[in-house]
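To start, the structure under review is shown below, and the notes come after it.
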Amino acid sequence: MNLIRFLGLLFVFICMLAGCTIVIALLVLAIRFWPVLLILILTLALFNWFLSRIGIQVKS
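Be aware that the sequence shown starts at 9, since it is given in my numbering, and climbs by one per residue.
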């Protein structure tokens, strides 16, 4: 049972590292190439519009 728990936690840790790496890579690309930054901003605006259209409110 401990081995399964260890493998599960290892998988979660690796996935978190991969996710952070992808976010950092997107930020570097967005700063280096301004069209990528424009696409990211438009995507977030469209996502926000879609959420408000279907009635989901994100509270911080």
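For glycine and all other residues, C-beta sits at the position ideal for the given N, C-alpha and C.
Self-check item: For Met24, three-class secondary structure by DSSP
Solution: Mapped onto the sequence shown, residue 24 falls at position 16. The answer is helix: DSSP assigns Met24 an H, G or I state.
Practice problem: Under 7 Å Cβ to Cβ from Leu37, same chain only, skipping five residues before and after it: list those, please. | Solution: Reading the sequence shown from its first residue, position 29 is the one you call residue 37. Result list for Leu37: Val44, in chain order.
Quiz prompt | Rounded straight-line distance, which links the Cα of Phe55 to that of Gly63 | solution = Numbered from its first residue, the sequence shown carries residue 63 at position 55. Numbered from its first residue, the sequence shown carries residue 55 at position 47. If you draw a straight line from the Cα of Gly63 to the Cα of Phe55, it comes to about 12 Å.
Quiz item: Straight-line CA distance for Cys28 to Ile22?
Solution: As a position in the sequence shown, residue 28 is number 20, starting the count at 1. As a position in the sequence shown, residue 22 is number 14, starting the count at 1. A direct Cα-Cα distance of roughly 10 Å separates Cys28 from Ile22.
Quiz item: Grouping DSSP H, G and I as helix and E and B as strand, with all else coil, what is Val5?
Solution: A query on residue 5 cannot be resolved here, the shown segment of the chain reaching from 9 to 68 and no further.
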